[in-house]
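If you're matching positions, the sequence shown starts at 154 in the working numbering and goes up one per residue. Read the structure below first, then the notes.
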Amino acid sequence: MQYRTVPKNGDKLSALGFGCMRLPMKGQVVDEERAIKQIRLAIDNGVNYVDSAPPYHMGESEKVLGKALLDGYRNKVKVATKLTPFMLRKPEDMEKMLALQLQKLQTDHIDYYLLHGLEAEFWKKMQDFGALKFLKKAQADGKIVNMGFSFHGSISTFKEIIEANDWTMCQIQYNFLDEQLQAGTEGLKWAASKKLAVMVME
154 MQYRTVPKNG DKLSALGFGC MRLPMKGQVV DEERAIKQIR LAIDNGVNYV DSAPPYHMGE
214 SEKVLGKALL DGYRNKVKVA TKLTPFMLRK PEDMEKMLAL QLQKLQTDHI DYYLLHGLEA
274 EFWKKMQDFG ALKFLKKAQA DGKIVNMGFS FHGSISTFKE IIEANDWTMC QIQYNFLDEQ
334 LQAGTEGLKW AASKKLAVMV ME
């Protein structure tokens, strides 16, 4: 396995992470036994970055990941999950969401906590809800370690978000067909110039 160093904290993360958005299914529900085997096999072979979010598998993804990380596996990985704007109705919901995530993941802290799927509208909502203040308090309380965001908007919004906070990392959609979509190559290079680690999805 190859590893990359996160500029702002020195974490050495596997170049290939394990995303828990599309776990194996058994009918209409997650095949927990198979999913846990897959996650642990990846970790046994050097993957040390796992990613989830509240909407994945209708809330079951974090729960299954929490089970997979029992028996000593939690200490082998950095866990990333997300604060999802469209699931929030009022500012107090941020604390409730984080508390539920910690419970599902069976951990006392989340290593990389991301504002989820930001674009202009969700970014404004998170600002109105005081999300940055919330993240900093959660960090001070030891519930999260690093702040980040995942992104699906325009390059101008991407740069605005980066300038608004001292983020550790960001997650962007980037592949051979999407080099100019959303943040794109320009955003990737911009984030790197600001010493943000860039995780790639899709």
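Ideal Cβ placement from N, Cα and C applies to all residues, glycine included.
Which residues bound the beta strand (DSSP E) around M354? By 1-based counting over the sequence shown, the position of residue 354 is 201. Counting along the chain, the beta strand (DSSP E) containing M354 begins and ends at A350 to M354.
Is V298 near C323, with beta carbons less than 9 Å apart? Position 145 of the sequence shown, counted from the first residue, corresponds to residue 298. Position 170 of the sequence shown, counted from the first residue, corresponds to residue 323. Taking the C-beta atoms as reference points, C323 is found no nearer than 9 Å to V298.
The beta strand (DSSP E) enclosing T158, as first and last residue numbers: Here residue 158 corresponds to residue number 5 of the sequence shown, with the count starting at 1. Per DSSP, T158 belongs to the beta strand (DSSP E) from Y156 to T158.
In whole angstroms, what separates the C-alpha of P244 from that of K278? Position 91 of the sequence shown holds residue 244. Position 125 of the sequence shown holds residue 278. Cα to Cα, P244 sits roughly 10 Å from K278.
Out of curiosity, what's the CA-to-CA distance linking I196 and P177? The residue labelled residue 196 in the question sits at position 43 within the sequence shown. The residue labelled residue 177 in the question sits at position 24 within the sequence shown. Distance between the alpha carbons of I196 and P177 is about 17 Å.
How should Q254 be labelled, buried or exposed, when 16 other C-beta atoms within 10 angstroms of its C-beta is the threshold for buried? By 1-based counting over the sequence shown, the position of residue 254 is 101. Only buried fits Q254, as 16 or more other CB atoms lie within 10 angstroms of its CB.
Classify A394: buried if its beta carbon has 16 or more other beta carbons within 10 angstroms, exposed otherwise. Because the chain in this structure spans residues 154 to 355, residue 394 falls outside the shown range and cannot be described.
So who's on the other strand from C323, going by DSSP bridges? Here residue 323 refers to the residue found at position 170 when the sequence shown is read from its first residue. C323 is bridged by DSSP to F302 and V351.
Alpha helix (DSSP H) containing S309: first to last residue? Taking the sequence shown and counting its residues from 1, the one referred to as residue 309 is at position 156. Its alpha helix (DSSP H) spans residues I308 to A317.
Per DSSP, S167 forms a beta bridge with which residues? Mapped onto the sequence shown, residue 167 falls at position 14. Beta-bridge pairing links S167 to Y156.
I'd like the list of long-range same chain contacts for L271, defined as Cβ closer than 8 Å, with 5 residues on each side in sequence excluded. Taking the first residue of the sequence shown as position 1, residue 271 is located at position 118. Cβ contact annotation for L271 (same chain, cutoff 8 Å, sequence separation greater than five): P238, M279, F302, S303, F304, H305, G306, T310 and I314, in chain order.
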